[in-house]
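Worksheet: the structure to be examined is printed underneath.
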Amino acid sequence: MWNCEKSAARIENDLNALQAFTSTPGAGCTRLPFTKETRTAADYLKQAMATAGLAVTEDAAGNVIGVRAGRDRSLPAIVCGSHYDSVVHGGNYDGIAGVVCAIELARVLEEEHVTLAADYVAIAFMDEEGCRFGTGYFGSRAVLGEMDAAECRTFSDLDGITVYDAMKSYGLDPERIADAAWPAGRLGRYFEIHIEQGRVLETCGADLGIVSGIVGIRRARVTIEGRADHAGATPMHLRRDAVDMAAQVIVEAGRLARQEKESGAVATIGCIEADPGAVNVIAGRAAFSIDVRSTDAAAIERILAGLRRKLDDVTHDCGASWTAERTLAVAPVRMSEDLQARLSASAASYQYATHVLPSGAGHDALPISSHAETAMLFVPSRNGRSHAPEEYTPPPAFAKAVHVLFDVLRTLPAN
Ligand SMILES: [Zn+2]
Numbered sequence: 003m004w005n006c007e008k009s010a011a012r013i014e015n016d017l018n019a020l021q022a023f024t025s026t027p028g029a030g031c032t033r034l035p036f037t038k039e040t041r042t043a044a045d046y047l048k049q050a051m052a053t054a055g056l057a058v059t060e061d062a063a064g065n066v067i068g069v070r071a072g073r074d075r076s077l078p079a080i081v082c083g084s085h086y087d088s089v090v091h092g093g094n095y096d097g098i099a100g101v102v103c104a105i106e107l108a109r110v111l112e113e114e115h116v117t118l119a120a121d122y123v124a125i126a127f128m129d130e131e132g133c134r135f136g137t138g139y140f141g142s143r144a145v146l147g148e149m150d151a152a153e154c155r156t157f158s159d160l161d162g163i164t165v166y167d168a169m170k171s172y173g174l175d176p177e178r179i180a181d182a183a184w185p186a187g188r189l190g191r192y193f194e195i196h197i198e199q200g201r202v203l204e205t206c207g208a209d210l211g212i213v214s215g216i217v218g219i220r221r222a223r224v225t226i227e228g229r230a231d232h233a234g235a236t237p238m239h240l241r242r243d244a245v246d247m248a249a250q251v252i253v254e255a256g257r258l259a260r261q262e263k264e265s266g267a268v269a270t271i272g273c274i275e276a277d278p279g280a281v282n283v284i285a286g287r288a289a290f291s292i293d294v295r296s297t298d299a300a301a302i303e304r305i306l307a308g309l310r311r312k313l314d315d316v317t318h319d320c321g322a323s324w325t326a327e328r329t330l331a332v333a334p335v336r337m338s339e340d341l342q343a344r345l346s347a348s349a350a351s352y353q354y355a356t357h358v359l360p361s362g363a364g365h366d367a368l369p370i371s372s373h374a375e376t377a378m379l380f381v382p383s384r385n386g387r388s389h390a391p392e393e394y395t396p397p398p399a400f401a402k403a404v405h406v407l408f409d410v411l412r413t414l415p416a417n
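In this text, residue positions in the sequence shown follow the numbering used here: the first is 3, and each later residue adds one.
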C-alpha cells in the first residue's frame with residue numbers, strides 16, 4: 003500500500019544527494035547549465051531513474067528523460083518534470099524538487115504495479131533559469147522544437163562562451179539540437195510540481211497550491227530627461243527635476259496595481275538610477291525599471307496605459323520628456339481547467355488543504371502550456387524564501403504532491 007512516509011524519505015534522500023552538485027558549496031546551490039555540476043547531477047538523476055525502472059536517455063539538449071512504458075505506446079505520453087539547473091547561490095529545491103518528485107512518482111507506479119494507458123515520462127529540463135546565458139526554458143523549448151543551432155550561437159555567458167560552445171564542451175552536438183524535439187503526438191499532458199517561491203500557501207495554511215495560470219510579464223526601462231541644475235540656486239518652480247518626476251510615476255505604479263486587486267496584478271520598480279547622482283545636484287536624468295505581472299493581460303495593459311498617462315502629466319508641465327524601452331513581453335497562460343479540477347478533487351479526498359493561485363514566476367510549464375494540456379502543483383516554501391540558500395520545503399510536503407498526482411494519473415482518460 004502507498005506509503006507517504008516512505009516517499010518523503012526517498013525524496014529527502016535524493017534532495018540531500020543532489021545538494022552536493024553545486025559550484026558554491028556552503029553558499030547555496032549554483033548549478034549552471036552545461037557545467038560539471040549539471041553533468042554530475044544528470045548522472046545522479048539517470049541512476050535514480052534507472053533504479054525506478056525507467057528507460058533513461060539524455061537528449062540533444064541535455065535533458066534527462068526516463069520512460070515507463072504504457073499499455074498503448076502510441077498514445078501521447080503523460081509527462082512530469084521540472085528543471086535541474088539553478089540560479090547563482092540559489093536553493094536546493096527550485097526545479098530539482100519537481101524532478102525528484104517525478105522520479106518518486108515512477109517508483110510509486112512501480113511499487114503499486116500500475117501501468118498507465120500511455121507512457122509515463124519523467125523529465126529533468128536543462129537551463130530553465132537562463133542564469134548563465136540570459137535566456138531561459140532552453141530544455142523545454144528544445145523538446146517543443148523551438149531551438150536551433152543558430153540560436154545556440156546567439157547567446158553567450160559573461161566569459162563570452164556561447165551556448166553552442168558550452169554544449170560542445172559538455173559533450174553535446176549543438177548542430178543536432180533539433181533532435182531533441184519530440185515528434186508530433188508524443189507530448190500528452192504535462193504536470194510540474196514546484197516550490198511556490200512565495201508565502202501565499204504558508205500564510206493561508208494550505209498543503210498544496212493548485213496553479214490557475216502563469217502570469218504574463220511586461221518589463222520596460224523608463225528614462226525621464228529633465229535638467230541638471232544647482233540644488234541651492236534653482237527655486238522649485240524653475241526645476242526640471244527628473245527624480246522628482248520619477249518618484250511620482252513610481253508611486254503611481256503601486257497605486258495602479260493595487261487598483262487591479264481582482265486580477266492579482268503586481269508592479270515592481272526594482273532598479274532606480276539618478277544622473278549625475280550627486281547630493282547637491284538636481285538630477286538631469288532618472289531611469290527606472292518597471293515589471294508588471296498578472297494572469298490578466300488586460301489588467302497589465304491598463305496599468306501600463308496609466309503609467310504612460312502619468313509620465314505625460316509629470317513631464318508636460320515643466321517641459322521635460324520621457325522614453326520607455328520594452329525589455330520583456332510574455333503573455334499570461336492558463337493552466338488546464340480539467341487538470342486543476344482533478345488535482346483539487348484528489349487533494350480533497352486526502353483532506354489536504356489546497357489553495358488556487360497564479361504563478362508569479364515563469365516555469366517550463368509556461369512554454370509547454372501552448373502545446374499541451376498543462377497543470378502545476380505548488381508546495382509551500384518556508385517563509386516564502388526562494389532563489390536563496392534559505393529555500394526550504396519539508397520532504398513530507400512533496401510526498402503529498404506526489405500522492406495527489408499519482409491518483410490523478412491513474413484516473414486520467416487515455417487520450
Ligand atoms: Zn524553478
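No residue lacks a Cβ here, since even glycine has one placed at the ideal position from N, Cα and C. Please read all numbers here as calculations on a predicted model, not as lab measurements.
{"Query": "Assigned exposure category for residue 69 - 16 Cβ within 10 Å defines buried", "Result": "buried"}
{"Query": "Distance between residue 246 and residue 230 (C-alpha atoms, nearest Å)", "Result": "12 Å"}
{"Query": "Within 8 Å, strictly: CB atoms of residue 209 and residue 355", "Result": "yes"}
{"Query": "Chain-order list of residues whose beta-carbon lies under 6 Å from that of residue 294 (same chain, five-residue window excluded)", "Result": "220, 269, 302, 305"}
{"Query": "DSSP state of residue 325 mapped onto helix, strand, coil", "Result": "strand"}
{"Query": "Test item: CB-CB of residue 377 and residue 338 under 8 Å", "Result": "yes"}
{"Query": "For residue 83 and residue 99, the rounded distance between their alpha carbons", "Result": "9 Å"}
{"Query": "Status (buried if at least 16 other CB within 10 Å, exposed otherwise) for residue 128", "Result": "buried"}
{"Query": "Counted within 10 angstroms of its Cβ, other Cβ atoms place residue 115 as buried (16 or more) or exposed", "Result": "exposed"}
{"Query": "Cβ-Cβ separation, residue 105 to residue 54 (assumed contact under 8 Å), whole Å", "Result": "5 Å"}
{"Query": "Sequence-distant residues of the same chain with beta carbon closer than 7 Å to residue 327, five excluded per side", "Result": "222, 223"}
{"Query": "Rounded C-alpha distance that separates residue 172 from residue 374", "Result": "30 Å"}
{"Query": "Simplified DSSP state of residue 126, which is helix, strand or coil", "Result": "strand"}
{"Query": "Whole-angstrom C-beta distance between residue 379 and residue 195, which should lie under 8 Å", "Result": "5 Å"}
{"Query": "Nearest-angstrom Cα separation, counted from residue 400 out to residue 103", "Result": "7 Å"}
{"Query": "Distance cut-off 7 Å: residue 85 Cβ against heavy atoms of ligand 1", "Result": "yes"}
{"Query": "CA nearest to the CA of residue 309, picked from 273, 157, 252, 359", "Result": "252"}
{"Query": "Backbone secondary structure at residue 336 - three-state DSSP", "Result": "strand"}
{"Query": "For residue 268, the residue or residues it bridges with in DSSP", "Result": "295"}
{"Query": "Residue 428, DSSP secondary structure in three states", "Result": "The requested residue 428 is not part of the displayed model; the chain covers only 3 to 417."}
{"Query": "heavy atom of ligand 1 below 7 Å from residue 365 C-beta", "Result": "yes"}
{"Query": "Contacting residues, own chain, Cβ-Cβ under 6 Å from residue 273 (five flanking each side not counted)", "Result": "291"}
{"Query": "Three CB pairs or more closer than 8 Å across the stretch 384-402 and the stretch 185-201", "Result": "yes"}
{"Query": "Short Cβ contact (8 Å threshold) for residue 138 with residue 389", "Result": "no"}
{"Query": "Nearest candidate by alpha-carbon position, reference residue 413, set 331, 125, 154, 119", "Result": "119"}
{"Query": "Within 8 Å, strictly: CB atoms of residue 370 and residue 146", "Result": "yes"}
{"Query": "Residue 110 to residue 16 span [Cα, whole Å]", "Result": "15 Å"}
{"Query": "Residue 130 CB to nearest heavy atom of ligand 1 below 7 Å", "Result": "yes"}
{"Query": "Residue from 156, 41, 256, 33 whose Cα sits closest to the Cα of residue 90", "Result": "33"}
{"Query": "Same chain only: Cβ atoms within 7 Å of residue 185, ignoring 5 sequence neighbours per side", "Result": "none"}
{"Query": "Sub-8 Å separation of residue 123 and residue 179 beta-carbons", "Result": "no"}
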